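J.:
Protein chains: 2
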Amino acid sequence: MFEVFRKYISDKANLTPEELEMILAASIPKKLKKKQYLLKQGEVSRYNTFITKGCLRQYRTGNDGAEHIMRFAIENWWISDRESLTTGLPSKSYIDCLEDSELLLWPRETFNELKTKIPELHAFEERTLARSFNATQNRIHIAISYTPEEKYLNFVQSFPTVFNRVPLYMIASYLGISRETLNRIRKHFAHK
Amino acid sequence: MFEVFRKYISDKANLTPEELEMILAASIPKKLKKKQYLLKQGEVSRYNTFITKGCLRQYRTGNDGAEHIMRFAIENWWISDRESLTTGLPSKSYIDCLEDSELLLWPRETFNELKTKIPELHAFEERTLARSFNATQNRIHIAISYTPEEKYLNFVQSFPTVFNRVPLYMIASYLGISRETLNRIRKHFAHK
DNA sequence: ATTATTTTGTGTCATATGACATTTTTTTCG
DNA sequence: CGAAAAAAATGTCATATGACACAAAATAAT
Numbered sequence: 001m002f003e004v005f006r007k008y009i010s011d012k013a014n015l016t017p018e019e020l021e022m023i024l025a026a027s028i029p030k031k032l033k034k035k036q037y038l039l040k041q042g043e044v045s046r047y048n049t050f051i052t053k054g055c056l057r058q059y060r061t062g063n064d065g066a067e068h069i070m071r072f073a074i075e076n077w078w079i080s081d082r083e084s085l086t087t088g089l090p091s092k093s094y095i096d097c098l099e100d101s102e103l104l105l106w107p108r109e110t111f112n113e114l115k116t117k118i119p120e121l122h123a124f125e126e127r128t129l130a131r132s133f134n135a136t137q138n139r140i141h142i143a144i145s146y147t148p149e150e151k152y153l154n155f156v157q158s159f160p161t162v163f164n165r166v167p168l169y170m171i172a173s174y175l176g177i178s179r180e181t182l183n184r185i186r187k188h189f190a191h192k
Numbered sequence: 193m194f195e196v197f198r199k200y201i202s203d204k205a206n207l208t209p210e211e212l213e214m215i216l217a218a219s220i221p222k223k224l225k226k227k228q229y230l231l232k233q234g235e236v237s238r239y240n241t242f243i244t245k246g247c248l249r250q251y252r253t254g255n256d257g258a259e260h261i262m263r264f265a266i267e268n269w270w271i272s273d274r275e276s277l278t279t280g281l282p283s284k285s286y287i288d289c290l291e292d293s294e295l296l297l298w299p300r301e302t303f304n305e306l307k308t309k310i311p312e313l314h315a316f317e318e319r320t321l322a323r324s325f326n327a328t329q330n331r332i333h334i335a336i337s338y339t340p341e342e343k344y345l346n347f348v349q350s351f352p353t354v355f356n357r358v359p360l361y362m363i364a365s366y367l368g369i370s371r372e373t374l375n376r377i378r379k380h381f382a383h384k
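Chains as they are written, first to last, in my numbering: chain L, 1 to 192; chain Y, 193 to 384.
(1) So, does the stretch 202-215 of chain Y touch the stretch 153-172 of chain L, judging by three or more C-beta pairs under 8 Å?
(2) Residue 245/Y to residue 213/Y, Cα distance in whole Å?
(3) In whole angstroms, give me the CA-to-CA distance for residue 141/L and residue 289/Y.
(4) Can you name, in chain order, every residue of its own chain whose Cβ lies under 7 Å from the Cβ of residue 316/Y, other than the five neighbours on each side?
(5) Please list, in chain order, all residues of the same chain as residue 366/Y whose beta carbon is under 6 Å from its beta carbon, the five residues on each side excluded.
(6) Please determine, among 165/L, 100/L and 147/L, the residue with the shortest C-alpha to C-alpha distance to residue 181/L.
(7) Residues of chain L with CB under 8 Å from residue 228/Y, in chain order?
(8) Taking 9 Å as the threshold (beta carbon to beta carbon), is residue 286/Y in contact with chain L?
(9) Cα separation between residue 291/Y and residue 2/L?
(10) The alpha helix (DSSP H) spanning residue 366/Y covers which residue range?
(11) Report, in whole angstroms, the separation of the C-beta atoms of residue 293/Y and residue 231/Y, which I expect to be a contact under 8 Å.
(12) Using a Cβ-Cβ cutoff of 7 Å, what residues of the stretch 77-88 of chain L are near chain Y? List them in chain order.
(13) Kindly indicate which three-state DSSP category residue 25/L falls into: helix, strand or coil?
(14) Is the Cβ of residue 217/Y closer than 9 Å to any Cβ of chain L?
(15) If residue 75/L sits next to residue 4/L, beta carbons under 8 Å apart, how far is it from one beta carbon to the other, in whole angstroms?
(16) Which stretch, first to last residue, makes up the alpha helix (DSSP H) that contains residue 136/L?
(17) Can you tell me whether DSSP reads residue 384/Y as helix, strand or coil?
(18) For a quick check, are the C-beta atoms of residue 84/L and residue 44/L less than 9 Å apart?
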């Protein structure tokens, strides 16, 4: 599982071999089975987490207890409750596994130390956050302006690999539409 | 208008008086009248912008040409198309004034130089982005899980000052609901 | 294999929503 | 102050959506 990370980070950041190994040496490998939780609402998120294998979701719950999926994440993505991780406040979200998964964890403090020692890692994280932020802006634009059908088609096109690994009712949750509406949309496209 | 910024930044960042003045000295004051544009879709966003007075909105347009408001910003807020600003790509959004406004602009390169000279400014910007990101996550959660009524009430409570300065149909746009639905909700609360 | 569980698909129904058209009210500006 | 423009409110209508209940299919577990 280290190899996945080596490949990923070599591609994205300009690190010396020593720096890369220093980062890896500080990581904590962890395996989780499907349905196991990485983080629960109310807990404090303490790890910066990279996915080397598997699929996870982050979700919040509404007043009624319904689950609303904030995001999916698969291999080569980072996942954490960023708000809780940076503020130290209790997490508003759950993170659990949709498949058996393999992760690399860095405790927040450890990662911060690495960032001060390795400026390029700091810069890399800034770039990552910037891209996350842009993706999030797009998501908002879609949420407030697309029709359910457009939301669905956009998702399939944007995340084909996620689409094929995740149950439809979770995609509906992610899109903010009902399971049934998603079915109607799919039915509509079936005979075309 | 400099005074507004001095007060703001003194409160948020631990800068020396010299650093503060260095930052201010690099700024470009600008006044815009209501309905004037700070940025148009397709242009490249070249300035990091702080609002000392007034009210602006950032919006994107859909296929049909309809305006969808991404955010409002008033005194003591920053505004720019962050994606365009950091990537140099054409902006997906418009930014215009809802009131006569006074702004301080820093060209992207100038601001970056300031950040390298003043680490605390760099750190401050990171904190700001982190909080923006968290706000954005909340917005997504609301968009995919709240009813129109809940969205409205949440907005009034979260941004009372903006609420009182902005036309209702723009709030509807921001919330991703129709003007008429917003009226119905308000009517519903009127006689209660 | 068989059972249990999860996921997907359907049908019916009530209603909230968007779309459109029009009027009223408020604000802006000459 | 008066005219013009902008914003808000209202009424009607068609329909897409969510909610519920249940059936079918696929997947996982024993």
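Ideal Cβ positions, reconstructed from N, Cα and C, are used throughout, including at glycine.
These numbers come from a predicted model, not from an experiment.
T.: Well, looking at it:
(1) No, they do not touch.
(2) Cα-Cα distance, rounded: 20 Å.
(3) If I take the Cα positions, the gap works out to 20 Å.
(4) These residues qualify, in order along the chain: 204 and 205.
(5) Same-chain partners within the cutoff: 261.
(6) Put simply, of 165/L, 100/L and 147/L the residue whose alpha carbon is nearest the alpha carbon of residue 181/L is 147/L.
(7) Simply none; closest approach about 23 Å.
(8) Chain L, which has no Cβ nearer than 9 Å to the Cβ of residue 286/Y, makes this no.
(9) Rounded to whole angstroms, the separation of the alpha carbons of residue 2/L and residue 291/Y is 54 Å.
(10) Where residue 366/Y is concerned, the enclosing alpha helix (DSSP H) starts and stops at 360-367.
(11) Taking the Cβ atoms as the reference, residue 293/Y lies roughly 13 Å from residue 231/Y, outside the contact range of under 8 Å.
(12) The residues in question are 82, 83 and 86.
(13) DSSP places residue 25/L within a helical segment (H, G or I) once states are collapsed to three.
(14) Judged by the 9 Å Cβ criterion, residue 217/Y is not in contact with chain L.
(15) Under the criterion of beta carbons closer than 8 Å, residue 75/L and residue 4/L qualify as touching, at roughly 7 Å.
(16) For residue 136/L, the enclosing alpha helix (DSSP H) begins and ends at 119-145.
(17) Unreliable positioning characterises residue 384/Y in this predicted model, as indicated by a pLDDT of 46, which lies under 50. The coordinate reading is nonetheless provided below. Correct three-state label for residue 384/Y: coil.
(18) Cβ distance < 9 Å, so residue 84/L and residue 44/L count as in contact.
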